[in-house]
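There are 2 protein chains.
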Amino acid sequence: MARASIVGAGMTKFGVHEATLPELFAEAALPAMDDAGVEAGDIDAFYLGNAMGGQTENDTHLAPTLASHIGIAGVPCQRFEDACATSSNAFKHAVQDVESGLHDVVIVGGVERCTPETGLGTGEMTRIFASASHRQYEQPTGLTFPGVFALLTKRHMFEYGTTPEQLAAVAVKNHAHGAHNPRAHFGRDIDVSDVLDSPIIADPFHLMDCCPFSDGASAVIVVSDDIADEFDAPVDVTGVGHGTDIIPLSDKPDFPSTMSARRAAEQAYEQADITAADVDFAEVHDCFTGAEVMASEALGLFEDGEGGPAAAEGRTYIDGDMPINPSGGLKAKGHPIGATGTAQLVELVEQLRGDAGDRQIADVETGIAHNLGGDAGTTLVSVLEVRA
Amino acid sequence: MARASIVGAGMTKFGVHEATLPELFAEAALPAMDDAGVEAGDIDAFYLGNAMGGQTENDTHLAPTLASHIGIAGVPCQRFEDACATSSNAFKHAVQDVESGLHDVVIVGGVERCTPETGLGTGEMTRIFASASHRQYEQPTGLTFPGVFALLTKRHMFEYGTTPEQLAAVAVKNHAHGAHNPRAHFGRDIDVSDVLDSPIIADPFHLMDCCPFSDGASAVIVVSDDIADEFDAPVDVTGVGHGTDIIPLSDKPDFPSTMSARRAAEQAYEQADITAADVDFAEVHDCFTGAEVMASEALGLFEDGEGGPAAAEGRTYIDGDMPINPSGGLKAKGHPIGATGTAQLVELVEQLRGDAGDRQIADVETGIAHNLGGDAGTTLVSVLEVRA
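From first to last, the protein sequence lines stand for chains W and Y. Mapped onto my numbering, the consecutive letters of the first sequence carry residue numbers 1 to 388. Mapped onto my numbering, the consecutive letters of the second sequence carry residue numbers 1001 to 1388.
Below, the structure written as structure tokens:
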């Protein structure tokens, strides 16, 4: 039996938006409601992910504000913040609360604006993003997120011989996928030399190894398993794992294994009664190319150390044996922080319904989403399946 | 049967602290764990309330950071933000999740620094607090929170004849209570003329009608009802209501009724199978004196329009017929935003255990906490009772 089902999904194009946060969120939430065929009055509760609205736009207490804007004022609602894993944690709580019988129909979504439309430039936004690193031990050193993931990835290279060319292959593949996603921030055919010739940001990452700052919103409608068959095209949620790890980085016994992801995957697979071998495709948190390699191993999709070679061999393309980030991932689709987790779920829903158009993966029944927060201190892994 | 039980409670003194957020939180969390007799290894999950850490200290992704600092790295944890109702919403989810059987022993807490120890003065902090008002419709008008509650209170005065002297009586009483609370930011004997002679902040509020900005932390240990008897002095959680209301203010059909509080109280009383007549005392969200008056009516403790006269008649003192804010409330105890909700629960626990010292209310069996967020867009009401 499913823990819950997703019966509606919507998202904006990721990129640069002039719209305010309420307007932007409505552009994802209302299509999700339409997709599910639910009216405002059908919705019992609202679970919001927004990571940085206070810092970027002096906008907090957003859950009831956004609820009011989409016509569901008065429902229980709350904002979750877990850095980049923000809306996946909101989703976890939504699944728990329909599973326990507390609610029947809930909306889960995320929204964020991270481009200069907020009035903040890349430097200031990088400083704000760095608020998710350790305030006392990491921020004073000047560590920002390219540096955090460069540290993890350098260790991976040392331990397994992962190469810059293998990392670049992740970017090439995700841009190729993004070119087929009309809602992607970027997406065009590039090659490995384009990545390796782009400026160094934090060794080993070149500019083209890094995801962009984006604006965007995404939402899904989650219902309890008992009523899922009343909707068109429900997709089952069979597992949601939530792993955390010690912070700061210097206290982690091991860098490239990203233990929070392994814990989350273990929980999610156990709940869904599957193993990694049952996974047909994955959306993973490729904030940097090295993060996708590490995620693919933490999820058990490849053996430790095989993530880089697998990317370079083309195995993670839509037509490969283990497609990863058919949406283009954070790298090409974009990364509006609080919207990223639920956007991964939107892609899973479209793929599992067979509605993914030019980027449709053949014969998929089981997809997973991997959404990481901070210095891998938080990871959520969700398992979605074609309804039994 | 209780929905859950609180078996441990701890809080720092509210006031001015030099400690970092992790250090400050530990000063509440570790005493709460000691009070419950639980070790780090006994704790299954962590629910954090922090409202403004990103804006005030560039510090986000705080749940795993604080978990690491108190020795529980690796447990599922997340940050909630609902303006001033932040940690009460975290508490709601903790109660739900032990009630559903997901967890057995969880820690819920809040922490915030709001004084110039953050490096921010009162003006900048007031602007940051105002992020919880509507970004597009309220902030551009210059509306900050003294103004928000002045609008609500002015309407209450118009409808019911509530007077400045009645409002001042709330401040006089809460300072008198705070004088008996060693953890209160303020607390000394003042009289009505002290309040009315203090400078006007936002008519009808004088400086002494307003709560202070404080630093502080608070935490409670929540366990499932089935294991509560294994602990010393459990206090039962019999109801937690969560009401929201339309935002912005201009869309509310009615100001002084604070509908989110009425919805939350109705839910909480129904869950606990009580009426307002069964309530022995209350901790309410007196960010401004007018807010306490409106809360006392929304909770049904007094008829609409009777909250002001009741305060002026002394009925809400510790030895009155309906004691309100024995802790001193936000007004005298202080208001470290994210810590306020769980601090109200700490006071309820101490009163219901008979451990409240000089501020102990006689013969109490049922206490409620009322924690409001933003422009009354969110309210949580919790019912705690002596264990049956």
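The C-beta atom is built at its ideal place from N, Cα and C for all residues, glycine as well.
How long is the line joining the alpha carbons of Y:T1162 and Y:E1283, rounded to whole angstroms? Counting from 1 along the second sequence, the entry for residue 1162 of chain Y is found at position 162. Counting from 1 along the second sequence, the entry for residue 1283 of chain Y is found at position 283. Their backbone Cα atoms lie some 21 Å apart in a straight line.
Would you verify that the beta carbon of Y:R1003 is, or is not, closer than 9 Å to some beta carbon of chain W? Counted from its first residue, the second sequence places residue 1003 of chain Y at position 3. So no, Y:R1003 is outside the interface.
Comparing C-alpha positions only, which one of Y:D1286, Y:S1224 and Y:A1219 sits nearest to Y:C1211? Here residue 1211 of chain Y refers to the residue found at position 211 when the second sequence is read from its first residue. Measuring from the Cα of Y:C1211, the nearest candidate turns out to be Y:D1286.
Distance check for W:A28 and W:D280, CA to CA, integer angstroms please. Position 280 of the first sequence holds residue 280 of chain W. Position 28 of the first sequence holds residue 28 of chain W. About 27 Å.
If you follow the beta strand (DSSP E) that W:M11 is part of, which residue opens it and which one closes it? Mapped onto the first sequence, residue 11 of chain W falls at position 11. W:M11 -> beta strand (DSSP E) spans A4 to M11.
What's the gap between the Cα of Y:A1036 and the Cα of Y:E1365? The count along the second sequence starts at 1 and reaches residue 1036 of chain Y at position 36. The count along the second sequence starts at 1 and reaches residue 1365 of chain Y at position 365. Rounded to the nearest angstrom, the two C-alpha atoms are 20 Å apart.
Reducing DSSP to helix, strand and coil, say where Y:G958 ends up. Residue coverage of chain Y in this structure runs from 1001 to 1388, which leaves residue 958 of chain Y outside it and unanswerable.
Of the residues that make up the region 111-126 of chain W, which ones have a beta carbon closer than 8 Å to any beta carbon in chain Y? none
So which residues on chain Y does W:E394 lean against when the C-beta distance must stay under 7 Å? Since the first and last residues shown for chain W are 1 and 388, residue 394 of chain W lies out of range.
Per DSSP, what kind of secondary structure is W:E385 in: helix, strand or coil? Counting from one through the first sequence, the residue named residue 385 of chain W turns up at place 385. Reduced to three states, the DSSP call for W:E385 is strand.
7 Å Cβ cut-off: residues of chain Y touching W:G54: Counted from its first residue, the first sequence places residue 54 of chain W at position 54. Per Cβ cutoff of 7 Å: M1052, G1054, Q1055 and S1131.
For W:V381, tell me which candidate among W:S260, W:G178 and W:P146 has the shortest Cα-Cα distance. Sequence index remark: in the first sequence, residue 381 of chain W carries index 381 (1-based). That would be W:S260, whose Cα lies nearest to the Cα of W:V381.
State the beta-bridge partners of Y:G1015 as determined by DSSP. Sequence index remark: in the second sequence, residue 1015 of chain Y carries index 15 (1-based). Answer by DSSP bridge pairing, in chain order: Y:D1215.
Taking the beta carbon of Y:S1005 as the centre, do at least 16 other beta carbons fall within 10 Å, making it buried, or is it exposed? One-based indexing of the second sequence puts residue 1005 of chain Y at position 5. Buried is the call here.
Can you give me the Cβ contacts of W:R263 inside the same chain, cut-off strictly under 6 Å, excluding the 5 residues immediately before and after it? In the first sequence, counting from the first residue as 1, residue 263 of chain W sits at position 263. Around W:R263: G243.
Can you check whether the C-beta of Y:P1248 is within less than 9 Å of a C-beta belonging to chain W? Position 248 of the second sequence, counted from the first residue, corresponds to residue 1248 of chain Y. Chain W contact via Cβ: present.
Close Cβ partners of W:V235 (< 6 Å) along its chain, the five nearest in sequence each way excluded: Translated into the one-based positions of the first sequence, residue 235 of chain W becomes position 235. Answer for W:V235: I6, V349, L352 and L384, listed in chain order.
Cβ-based burial, W:D59 [other Cβ within 10 Å; buried from 16]: Taking the first residue of the first sequence as 1, we reach residue 59 of chain W at position 59. Buried, because 16 or more other Cβ atoms sit within 10 Å of the Cβ of W:D59.
Inter-residue Cα distance where the pair is Y:A1265 and Y:I1200: As a first step, residue 1265 of chain Y is located in the second sequence; it is residue number 265 there, counting from the start. As a first step, residue 1200 of chain Y is located in the second sequence; it is residue number 200 there, counting from the start. The straight-line gap from Cα to Cα measures roughly 32 Å.
Other residues of its chain near Y:P1248: CB distance less than 6 Å, five sequence neighbours each side excluded: Taking the first residue of the second sequence as position 1, residue 1248 of chain Y is located at position 248. Closer than 6 Å at Cβ, skipping near neighbours: H1134, Y1137 and E1138.
So with Cβ pairs under 9 Å, would you call Y:D1245 a contact of chain W? Locating residue 1245 of chain Y in the second sequence gives position 245, counting from the first residue. By this cut-off, Y:D1245 is an interface position.
For W:L345 and W:L21, I'd like the C-alpha separation in whole angstroms. Taking the first sequence and counting its residues from 1, one reaches residue 345 of chain W at position 345. Taking the first sequence and counting its residues from 1, one reaches residue 21 of chain W at position 21. So the alpha carbons of these two residues sit roughly 20 Å apart.
Less than 9 Å between CB atoms is the rule here; does Y:R1188 satisfy it with respect to chain C? The chain labelled as chain C is not found among the protein chains of the depicted structure, namely W and Y.
If we ignore side chains and look at the alpha-carbon of each, how far apart do Y:T1012 and Y:A1217 end up? The count along the second sequence starts at 1 and reaches residue 1012 of chain Y at position 12. The count along the second sequence starts at 1 and reaches residue 1217 of chain Y at position 217. About 6 Å.
Have a look at Y:P1253 and W:E99 and give me their C-alpha separation to the nearest angstrom. Here the question's residue 1253 of chain Y lines up with position 253 in the second sequence. Here the question's residue 99 of chain W lines up with position 99 in the first sequence. Computed Cα separation, rounded: 35 Å.
Look up W:Q78 in the DSSP assignment and give the residues it is bridged to. Walking along the first sequence from the start, residue 78 of chain W turns up at place 78. Answer is W:Y47, bridged to W:Q78.
Does DSSP classify W:V95 as helix, strand or coil? Within the first sequence, numbered from 1, the residue matching residue 95 of chain W stands at position 95. Three-state DSSP puts W:V95 in a helix.
Quick check on W:D226: buried or exposed, where buried means 16 or more other Cβ atoms within 10 Å of its Cβ? If you number the first sequence from 1, residue 226 of chain W lands on position 226. By the 10 Å Cβ count, W:D226 comes out exposed.
Contact check, Y:R1359 vs Y:H1180 under 8 Å by CB: the rounded distance? Here residue 1359 of chain Y refers to the residue found at position 359 of the second sequence. Here residue 1180 of chain Y refers to the residue found at position 180 of the second sequence. About 4 Å; that satisfies the 8 Å criterion.
Buried versus exposed, by CB contacts within 10 Å (16 or more), Y:D1215: Looking up residue 1215 of chain Y in the second sequence gives position 215. Under this definition Y:D1215 is a buried residue.
Residues bridged to Y:F1180 [DSSP beta-bridge criterion]: As a first step, residue 1180 of chain Y is located in the second sequence; it is residue number 180 there, counting from the start. It is His, not Phe, that sits at residue 1180 of chain Y in the sequence shown. Paired residue(s): none; Y:H1180 is not in a bridge.
Does chain Y have any CB closer than 9 Å to the CB of W:S87? Taking the first residue of the first sequence as position 1, residue 87 of chain W is located at position 87. Judged by the 9 Å Cβ criterion, W:S87 is not in contact with chain Y.
Does the Cβ of W:M125 have 16 or more other Cβ atoms within 10 Å, making it buried, or fewer, making it exposed? Counting from one through the first sequence, the residue named residue 125 of chain W turns up at place 125. By the neighbour-count rule (16 or more Cβ atoms within 10 Å), W:M125 is buried.
Does any residue of chain W bring its CB to less than 9 Å from the CB of Y:P1064? If you number the second sequence from 1, residue 1064 of chain Y lands on position 64. By this cut-off, Y:P1064 is an interface position.
Determine the DSSP secondary structure at W:M372, reduced to helix, strand or coil. Stepping through the first sequence from its first residue, residue 372 of chain W is reached at position 372. Reading off the sequence shown, one finds Leu at residue 372 of chain W, where the question assumed Met. Note: W:L372 maps to strand in three-state DSSP.
Per DSSP, what kind of secondary structure is Y:A1362 in: helix, strand or coil? Here residue 1362 of chain Y corresponds to residue number 362 of the second sequence, with the count starting at 1. It is coil, neither helix nor strand.
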